[in-house]
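Numbering (full-length UniProt numbering), first residue to last: 1 to 193.
To start, the structure itself, in structure tokens.
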């Protein structure tokens, strides 16, 4: 009986050790090129993203990768008045805590494609024009939903490069009069421990 229990514990321990090797933690960061949709004057705003990830390999080809990321988003905006005689430029700077959950498929061991949902929580929102900065967080929705699609390449030493496009599915403003969504292209590096 003792041998059976000991064998069972040893078998469970071996399975858990093998499973533990399929979970990797990492950090990532890079360049965001963000703008908002349905705004004709919106131009791309460059910012950055950074955070952590957990890569859970399901088998040799499939993995799930939840992430927790700070993401600088928003857009550069231009407005014209009096038939274009007066032009003002400004920036909408939004900061989100994004939680994407990506499903990854490895075409070859080092190269993968990914897609998945993303939940964004608005941390701050400021509109700036000239020397004036106004907090506009109360005019925006706190939660943003989106879909991300991307790719990545993993080098042997744990370092990798990735690219992703995140497109918002929900209006970022509280008002129904304005319908704008987030649109963010990302390129960056990651490191798996």
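All residues carry an ideal CB built from backbone N, CA and C; glycine is no exception.
All figures in this text were calculated on a predicted structure; none of them were measured in a lab.
Nearest to residue i (by Cα), restricted to the options the options
| i | options | result |
| --- | --- | --- |
| residue 204 | 162, 114, 110 | Residue 204 lies beyond the stretch modelled for the chain, which goes from 1 to 193, so this question has no answer here. |
| residue 69 | 49, 88, 139 | 49 |
| residue 143 | 124, 155, 130, 135 | 124 |
| residue 130 | 187, 91, 182 | 91 |
| residue 136 | 169, 191, 23, 175 | 175 |
| residue 139 | 180, 155, 108, 162 | 180 |
| residue 40 | 71, 79, 66 | 79 |
| residue 65 | 108, 152, 185 | 152 |
For residue i, the three-state DSSP class (helix, strand or coil)
| i | result |
| --- | --- |
| residue 62 | strand |
| residue 28 | strand |
| residue 156 | coil |
| residue 137 | helix |
| residue 111 | strand |
| residue 44 | coil |
| residue 193 | coil |
Nearest-angstrom beta carbon gap, residue j and residue i [assumed within contact, 8 Å]
| i | j | result |
| --- | --- | --- |
| residue 120 | residue 150 | About 16 Å separates the two Cβ atoms, so there is no contact after all. |
Strand pairing of residue i, partner residues [DSSP]
| i | result |
| --- | --- |
| residue 121 | 97, 143 |
| residue 184 | 34, 166 |
| residue 54 | 25 |
| residue 179 | Residue 179 is not bridged to any residue. |
| residue 71 | 49, 96 |
Chain C contact for residue i (CB, 8 Å cutoff)
| i | result |
| --- | --- |
| residue 151 | Of the protein chains in the structure, only one exists, and it is not chain C. |
Check: residue i C-beta below 7 Å from any heavy atom of the ligand GTP
| i | result |
| --- | --- |
| residue 150 | The ligand GTP is absent from the structure shown, which contains no ligands of any kind. |
Below 8 Å, how does it come out for the segment 56–69 and the segment 32–43: are there three or more Cβ pairs, yes or no?
no
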